[in-house]
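What follows is a set of notes on a single structure, which appears directly below.
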Amino acid sequence: MLSNLKALKVADLRRILADAGAPAPARATKADLVARITDNDAAQLIYQSRYNPQQEQQQEQQEQLPEPTLPTPAPPSPAQEPDKPLSPADAELEKRKARAARFGIPLVATPSDDKEKLQERAKRFGVEPPLDAEELERRRKRAERFGTAAPVRPFSSALLLSWSFPERRLISSLCVYPHSLALPLFMSSTTKYTDMGWPEEDALWKYSSLTEPLLTSELARLSFARSTSDTDSLSFQPCPNPASANQDRYVVQQWQLPDGLWSFRAVFDGHAGHATADYAVQVLPDQLRQNLQSVQSRHPDQISKFLVDSIIAFDDSIAQDFLRLVPDPQAIAKMTDDQLRSIIDDLEASPERVQSIKRCMHGSTALIALLDPPKHNLWVASLGDCQAALGRKDKEGKWSTSLLSAFHNGCDAAEVQRIRQEHPGEAECVHNHRVLGAIAVTRALGDHEFKLPPIFTERVFARTNPGFSFSATNLNDFLSRNHTPPYLSNRPDVRHVSLADRDQSQEIRLIMCSDGLLDLYSGQSEPSSKLDQLAEIWFNALDNRDKSLDAYNNLALALLRHALGGSDTEKVSRNITVEMQFRWMDDTTILVQRI
């Protein structure tokens with residue numbers, strides 16, 4: 001199977017992984033894709049169903065058989081006089097006659113469509129006849145006279161394109177954008193093709209080249225850009241495939257407490273599924289608000305401790321909800337497969353119990369910012385690899401930036417050292433920059449496959465739907481490395497910043513984002529030593545944004561535009577409209593708060 005997989009195109013390998021629910025990163029090489037398929041049971045089944053080796057062998061044998069002898073073609077019709085060229089209709093008729101004679105099939109006459117039938121059909125389907133230049137000129141003058149919209153041409157239904165280039169496959173589908181002639185004259189959309197900067201993919205994809213103001217409007221629509229209180233926000237995933245739906249979540253709330261109005265902002269980057277991030281959005285903010293009211297002192301250290309304790313307790317409750325539903329590890333170890341299947345069937349019969357299991361199996365990072373009523377103190381709690389950057393502008397207009405979040409990722413040397421110290425003698429506790437070779441983040445909510453005894457993963461989680469779903473490794477390799485859990489931590493880093501000495505006229509902004517924004521600048525997760533440089537880039541980009549495109553007055557939208565290509569309208573158009581079956585960028589959530 002390995003040699004057959006290597007013979008496939010990269011795009012075909014990506015489709016197999018996407019259909020198996022294990023989409024590969026955009027920068028994955030062909031060797032990486034082949035390895036992921038061989039390590040994924042679902043992907044192997046999809047490959048075997050589509051590329052049956054026996055069928056391929058039979059097809060090759062059939063191709064080697066001699067071609068059947070074609071019937072003797074009928075004598076050609078008398079040649080036309082050289083000075084009397086055929087009309088287009090006669091030429092087409094002669095081609096059809098020759099084709100019929102070649103393959104020995106009868107010639108079927110083409111039904112004639114008279115003008116009345118064509119007009120009746122156009123009226124039935126609401127299709128207007130093409131307009132000549134004279135009619136367009138009359139419409140333009142009428143529009144100028146009455147001050148109406150610019151004249152437009154009617155557009156036909158989108159066409160399904162299926163073309164082939166000599167050396168590249170053209171992947172195309174129904175265009176979701178109207179033809180450029182259907183737009184007002186100051187807006188246009190043109191169909192183009194791109195390799196997305198990946199020549200090794202040996203494929204081209206269709207995208208719509210948009211002009212302003214349509215480009216900015218479409219980006220705002222797709223990213224759900226909005227403003228709430230002092231915060232601009234958005235969450236963006238342009239891939240329309242339901243299997244690639246955005247798993248990021250965010251919260252913007254104001255808490256009216258006895259001592260004043262507290263500001264709460266949070267970003268949750270879900271992975272392996274939506275359940276944990278959804279649950280965090282629904283439950284964690286209310287728990288934090290209630291716990292904050294019971295904190296006796298407003299001393300910064302007490303607030304920091306309250307954040308740490310509350311987040312740990314929230315994640316522990318996810319595990320406890322699951323453990324109440326299943327027997328203890330010793331009992332599970334003694335059960336037969338049929339007994340376990342009966343227990344799991346009972347669990348899956350209840351939607352509430354299914355959600356409890358999914359909240360354990362899925363995971364989410366957490367990035368939380370808390371600002372006190374007088375705006376003198378800011379706390380940022382981070383769990384995972386989302387990022388928060390604070391910027392202060394001095395009197396000369398220069399930004400001073402600082403990172404307020406940790407980088408809990410397998411690429412961070414400090415985190416790798418911590419995990420290895422907690423699991424001495426386990427060489428693969430971090431493998432290929434991933435915990436147990438499976439997950440990139442080193443701290444998270446949920447993901448209790450990495451925190452509970454491995455028997456729960458082997459005998460419970462793996463038997464539920466959809467089962468073990470980490471594409472970077474398979475279940476057997478994961479279990480062989482899982483000896484002394486927990487490997488993932490649920491303890492957040494909390495950093496406090498005093499703003500009491502601020503000049504009231506000083507401009508201060510807080511940027512919070514999921515790691516998708518980092519990927520747009522780097523193509524991969526960056527070590528924490530380079531994150532400071534990104535923070536400076538972000539704040540300067542907001543100052544240097546194109547004010548003519550600032551109709552939405554949304555700083556999060558301006559930052560996303562900069563990350564996607566800025567003034568390069570072709571690059572931005574390509575990133576937001578390219579028609580691909582797998583995601584070409586990570587979920588990206590951005591919050592910009594004016595403090």
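Residue numbers (full-length UniProt numbering): 1 to 595. Positions of the beta carbon are idealized from the N, C-alpha and C atoms, including for glycine. Quantities reported herein were computed from a predicted structural model and do not represent experimental measurements.
Quiz item: T588 and F236 look like a contact to me (Cβ under 8 Å); what is the Cβ gap, rounded to whole Å?
Solution: Taking C-beta atoms under 8 Å as the contact rule, T588 and F236 qualify, at a distance of about 5 Å.
Practice problem: Pick helix, strand or coil for H299, following the three-state DSSP scheme. | Solution: Look at H299 here: in three-state DSSP terms it is coil, with no helix or strand label.
Practice problem: Put residue 652 into one of helix, strand or coil per three-state DSSP. | Solution: The structure shown has nothing for residue 652, since the chain only spans 1 to 595.
Self-check item: Through-space distance from L390 to S400, alpha-carbon basis
Solution: The straight-line gap from Cα to Cα measures roughly 8 Å.
Quiz item: Are the beta-carbon atoms of G197 and G270 separated by less than 9 Å?
Solution: No; because the gap between Cβ atoms is not below 9 Å, this pair is not in contact.
Quiz item: Who pairs with V578 in a beta bridge, going by DSSP?
Solution: Under DSSP, V578 takes part in no beta bridge, so it has no partner.
Quiz item: For A535, is the classification buried or exposed, using 16 other Cβ atoms within 10 angstroms of its Cβ as the cut-off for buried?
Solution: Flag for A535 reads buried.
Quiz item: Would the beta-carbon of A225 fall within 9 Å of that of A556?
Solution: Yes. Within cutoff.
Practice problem: Give me the Cβ distance between L370 and W379, rounded to the nearest whole Å; I'm assuming they're in contact under 8 Å. | Solution: The pair is a contact, with the Cβ atoms about 5 Å apart (cut-off 8 Å).
Exercise. Give me the Cα-Cα distance between L183 and S227, rounded to the nearest whole angstrom.
Key: Note that L183 scores a pLDDT of 43, beneath 50, so its modelled location is shaky; the value from the coordinates is reported in the next line. Going from the Cα of L183 to the Cα of S227 covers about 28 Å.
Exercise. Mind reading off the beta-carbon distance from L517 to I590? Whole number of angstroms is fine, and I expect it under 8 Å.
Key: That belief holds up - the Cβ atoms of L517 and I590 are roughly 6 Å apart, short of 8 Å.
Quiz item: Should the stretch 407-423 be called in touch with the stretch 333-345, which here means at least 3 C-beta pairs below 8 Å?
Solution: The stretch 407-423 makes no contact with the stretch 333-345, as fewer than three CB pairs between them are under 8 Å.
Practice problem: Let me know if L257 comes out buried or exposed under the rule of 16 or more other beta-carbons within 10 Å of its beta-carbon. | Solution: Counting C-beta atoms within 10 angstroms of its own C-beta, L257 has fewer than 16 neighbours from the protein chains shown and is therefore classed as exposed.
Exercise. Indicate whether L560 and L234 have their beta-carbon atoms separated by less than 9 Å.
Key: Yes; because the gap between Cβ atoms is below 9 Å, this pair is in contact.
Quiz item: When we look at the beta-carbon of R14 and count the other beta-carbons within 10 Å, is it buried (16 or more) or exposed?
Solution: Around the C-beta of R14, 16 or more other C-beta atoms lie within 10 Å, and the residue is accordingly described as buried.
Quiz prompt | C-alpha gap between R298 and G21, whole angstroms | solution = Answer to the nearest angstrom: the Cα atoms are 46 Å apart.
Exercise. Tell me, please, whether the stretch 441-455 touches the stretch 480-488 by the rule of three or more beta-carbon pairs shorter than 8 Å.
Key: In this structure the stretch 441-455 lies against the stretch 480-488, because at least three pairs of beta carbons, one per stretch, are closer than 8 Å.
Quiz prompt | Beta-carbon gap between D515 and D385 smaller than 9 Å | solution = Yes, they are a contact pair.
Practice problem: Pick helix, strand or coil for Q504, following the three-state DSSP scheme. | Solution: Q504: coil per DSSP, three-state reduction.
Self-check item: Through-space distance from I46 to L347, alpha-carbon basis
Solution: When rounded, the separation of the alpha-carbon atoms in L347 and I46 is 28 Å.
Quiz item: Do T442 and R359 have their CB atoms nearer than 9 Å?
Solution: Between T442 and R359, the gap from beta carbon to beta carbon reaches 9 Å or more.
Quiz item: So what's K9 in DSSP terms, helix, strand or just coil?
Solution: K9: coil per DSSP, three-state reduction.
Quiz item: Start and end of the beta strand (DSSP E) containing I590?
Solution: The continuous beta strand (DSSP E) containing I590 extends over residues T588 to R594.
Self-check item: Cβ pair I311, L445 closer than 9 Å
Solution: Against a cut-off of 9 Å, the Cβ pair of L445 and I311 comes out as a contact.
Self-check item: Cα-Cα separation, D309 to V281
Solution: Straight through space, the alpha carbons of V281 and D309 are spaced by roughly 18 Å.
Quiz prompt | Under the three-state DSSP convention, the category F268 falls into | solution = Look at F268 here: in three-state DSSP terms it is strand.
Practice problem: Would you kindly work out how many angstroms separate the C-alpha atoms of S405 and A558, rounded to a whole number? | Solution: Taking the straight line from one Cα to the other gives about 22 Å.
Practice problem: Kindly indicate which residue of G397, K375 and L436 has the alpha-carbon position closest to the one of D501. | Solution: Taking each of G397, K375 and L436 in turn and checking the Cα distance to D501, the smallest one comes out for K375.
Quiz item: Which same chain residues, not among the five before or five after F478, have their C-beta less than 8 Å away from its C-beta?
Solution: Apart from the 5 residues on each side of it in sequence, F478 sits with its Cβ closer than 8 Å to the Cβ of L436, G437, A438, E449, T457, F468 and F470 in its chain, given in chain order.
Quiz prompt | Pair within 9 Å by beta-carbon distance, K206 and E579 | solution = Going by beta carbons, K206 and E579 fall inside the 9 Å limit.
Quiz item: What's the call for G273, buried or exposed, on a 16-neighbour Cβ count within 10 Å?
Solution: Flag for G273 reads buried.
Quiz item: CA-CA distance, A42 and S342?
Solution: Distance between the alpha carbons of A42 and S342: 24 Å.
Self-check item: Cβ distance (whole Å) where Q593 is taken to contact R265 below 8 Å
Solution: Their Cβ separation, rounded to whole angstroms, is 6 Å, which keeps Q593 and R265 in contact under 8 Å.
Quiz prompt | N- and C-terminal bounds of the beta strand (DSSP E) containing Q256 | solution = It spans D248 to L257 - the beta strand (DSSP E) in which Q256 sits, taken as one unbroken run.
Quiz item: For H448, does the three-state DSSP call read helix, strand or coil?
Solution: Here H448 carries a helix assignment [DSSP, helix/strand/coil].
Exercise. May I have the straight-line CA-CA distance separating Q320 from D248, to the nearest angstrom?
Key: The straight-line gap from Cα to Cα measures roughly 25 Å.
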